[in-house]
Amino acid sequence: AREACDQFATADKPRFVAGVLGPTDKTATISPDVNDPAARNISFDKLVADYSEATRGLMDGGADLILIETIFDTLNAKAAIFAVKTVFAERKASLPIMISGTITDASGRTLTGQVTEAFYNSLAHAKPISIGLNCALGAAELRQYVEELSRVANCYVSAHPNAGLPNPLAETGYDDTPENMSGHIREWAASGLLNIVGGCCGTSPAFIKAIAEVVKDVPPRKIPDLPVECRLSGLEPFNISDDSLFVNVGERCNVTGSAKFKRLILEGKYDEALEVAKQQVETGAQVIDVNMDEAMLDGEAAMVRFLNLIASEPDISKVPLMIDSSKWSIIEAGLKCVQGKSIVNSISLKEGEENFIKYATLVRQYGAAAVVMAFDEQGQADTYQRKTQICQRSYDILVNQVGFPPEDIIFDPNIFAIATGIEEHNNYAVDFINACVWIRKNLPYAKISGGVSNVSFSFRGNEPVREAIHTVFLYHAIKAGMNMGIVNAGQLGVYEEIPKELRDAVEDVVLNRHPDAGEKLVKIAENVKGGGKEQVEDLEWRKGTVQERLTHALVRGITTFIVEDTEEARLAANFPVEVIEGPLMTGMNVVGDLFGAGKMFLPQVVKSARVMKQAVAHLIPYIEAE
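For the sequence shown, this note's numbering assigns the number 5 to the initial residue and increments by one for each residue that follows.
Right, here's the structure in full:
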């Protein structure tokens, strides 16, 4: 290939050799054993070793660029990128990288389940000169996915489809013709979707000639000016901008924070542990935190097994993961299992700048975002001044020395327990909230997170008070700029539904309004039942109008009476659809207003949606009968 290119290259039309790294015949994401979904027949490390050897050979052979193509498993491609970057570093020489994935069928997903934008988010850390699609489908079937890539990619977009779909009776083995295929590609190019184009399986020289002819006078696609976002992925993309609503990170898959999850993992009941993760996604968690830091556990093995099992559960793996550990070895083991773009929780300056830079560089090479703790050589930051100083120092090192994208930096300025009875702790929540304001103002594009349950630790065992503290704290922290938090969706309430006396007392503690605020909250807490909500349900709301009852049910996520209230509204309406357009939408508008004001959180909105779904399901037969 090198000799042929050199023979035909001219000054005005150079020829380039793309050294190809294929997908291999193994997948690092899918089990080869239907009876053991956690099993794998290839490891990330083995793929890196093999891809490294191939990369050295391609560079020695005179390749002008590296093309990682026909990607059906994004984790394989991440291993290839890791290998290529490692070889570049060892040789102190680099080549441009092209990436091309494969949509395997009409589902619009790779073989391992990712949609196009999730695929892009997972691999953008390679900073390729192009990303595209090839193989599996013909031009007619591939267009919508090329269009999607064209919309989201901040690099060139390539496409080299097959000559249609397989046809064993055709001369080429495929059912398309040069004339038909080039017509499709001409339309793609004219629509501004392409920068680089060619052909894959079944495309003979006649196809390539026809394609070259139809695009020769068409201007290439312009790279779009995209908003700066933290672009994460599971099977689906998940993008976080500075203006995004609060992101709920599920906290229950943590052996240090959940007694139930710890017991399930220690007993080897991984199927039941998966249900914990699934329930969190169903109740509104947009990211799942996974932590296996337990002295009685092989943390690396447990992390690998659990993440491999998650990969086999689309209802869980559709969301990004947060790989959480105080041990780098466990974090790294987890990163080698995840095809999506995950979050590392966490890195810090605790062990000094050298290790901080080392781990941050590896996080980037694995293609992840990072939680950065406000923690340095002197310990955790517990004052506003220390929080802002450490975050500023960390940001400068990451952005200016490591080249870490600022939008992938997620600061955790430390949420500590309040109302502990120790005077020095009284301002902990205020210092966190003020640090949020400072970070958003002074560290562009950085995000802010934290472990919300920590703030109420003094009241463990009294769930209503803990819920009130979490809700009030988040109400103020989100307004100050907190983007995301590790939360228990079951311990979040509706701000305006907290009894006024309790809410005022919690506000005083969170905002440190009075020296004796903690003592007053302790006294009020004694009158609030611990361990759960009031056992006697207050049905006073049932005395309201049907509109008031429907709104109350939607806001509180109560399904008990929704069918009978919806039926009452239907009987009072001229047409059943009026119930949806009238009282139900009025109730959902209240939900939307509370959510927009930060007085409801996503888990509550998910419950509201379930109530709405039941109400609409009751009305559908009547609507269809009209």
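Cβ coordinates follow ideal geometry from the N, Cα and C atoms, glycine included. From a predicted model like this one, the values you see are computed outputs, not experimental measurements.
Fewer than three pairs of CB atoms, one per stretch, sit closer than 8 Å, so the stretch 122-132 makes no contact with the stretch 163-178. About 45 Å separates the beta carbon of residue 203 from that of residue 252, a gap too long to meet the 8 Å contact definition. Beta-bridge annotation (DSSP): residue 69 is paired with 22.
Rounded to the nearest angstrom, the gap between the Cα atoms of residue 479 and residue 200 is 48 Å. Rounded to whole angstroms, the Cβ separation of residue 194 and residue 222 is 6 Å, and the two are in contact under 8 Å. Secondary structure note for residue 164: its beta strand (DSSP E) is the uninterrupted segment 160-166.
Between residue 136 and residue 153, the alpha-carbon positions lie close to 7 Å from each other. Assigned with DSSP and collapsed to three states, residue 300 falls in coil, not helix or strand. Burial state of residue 18 is exposed, judged by a 10 Å Cβ sphere holding fewer than 16 other Cβ atoms.
For residue 408, no alpha helix (DSSP H) segment is defined, and its DSSP state is neither H nor E. Along the length of the stretch 495-562, whole alpha helix (DSSP H) runs at least 4 residues long occupy 504-514, 521-530 and 550-560, reported in chain order. When the Cα atoms are used, residue 392 and residue 612 turn out to be separated by approximately 38 Å. Proximity to residue 266 across 291, 284, 385 and 301 peaks at 301, based on C-alpha coordinates. Pairing residue 198 with residue 224 gives a Cβ-Cβ distance under 8 Å.
Taking C-alpha positions only, residue 47 is separated from residue 286 by approximately 31 Å.
Within the stretch 221-308, the complete alpha helix (DSSP H) segments at least 4 residues long are 263-270 and 274-286, listed from N- to C-terminus.
Residues of the same chain with a CB within less than 6 Å of the CB of residue 210, apart from the 5 flanking positions on each side, are 182 in chain order. In the three-state scheme derived from DSSP, where H, G and I count as helix and E and B as strand, residue 362 is classed as helix. DSSP, read as helix, strand or coil, puts residue 180 in coil. Excluding the 5 residues flanking it on each side, residue 112 has same chain C-beta neighbours closer than 8 Å at 119, 120, 148 and 149, in chain order. A direct Cα-Cα distance of roughly 35 Å separates residue 386 from residue 282.
Residue 451 carries a strand assignment under DSSP once its states are collapsed to helix, strand and coil. Comparing C-alpha distances from residue 486 to each of 453, 514 and 513 shows the shortest one belongs to 453. In this structure the stretch 78-89 touches the stretch 27-44; the number of beta carbon pairs closer than 8 Å is three or more.
In the three-state DSSP reduction, residue 128 falls in the helix class (H, G or I). With a threshold of 16 other beta carbon atoms within 10 Å, residue 312 meets it and is buried. Taken through DSSP and simplified to helix, strand or coil, residue 48 comes out as helix. Taking a cut-off of 8 Å for Cβ pairs, the stretch 364-377 and the stretch 333-353 touch, as three or more such pairs fall below it.
Beta-bridge annotation (DSSP): residue 426 is not paired with any residue. Taking residue 37 as the centre and dropping the five residues before and after it, the same chain places the C-beta of 43 closer than 6 Å to its C-beta, in chain order. If you draw a straight line from the Cα of residue 519 to the Cα of residue 473, it is about 18 Å long. Per DSSP, residue 350 lies in no alpha helix (DSSP H); the unbroken beta strand (DSSP E) holding it starts and ends at 347-351. A Cβ-Cβ contact shorter than 8 Å links residue 484 with residue 437. Contact between the stretch 360-368 and the stretch 323-330 is not established, with fewer than three Cβ pairs separated by less than 8 Å. For residue 325, the enclosing beta strand (DSSP E) stretches over residues 325-328.
By the C-beta density criterion, residue 495 is buried, having at least 16 other C-beta atoms within 10 angstroms.
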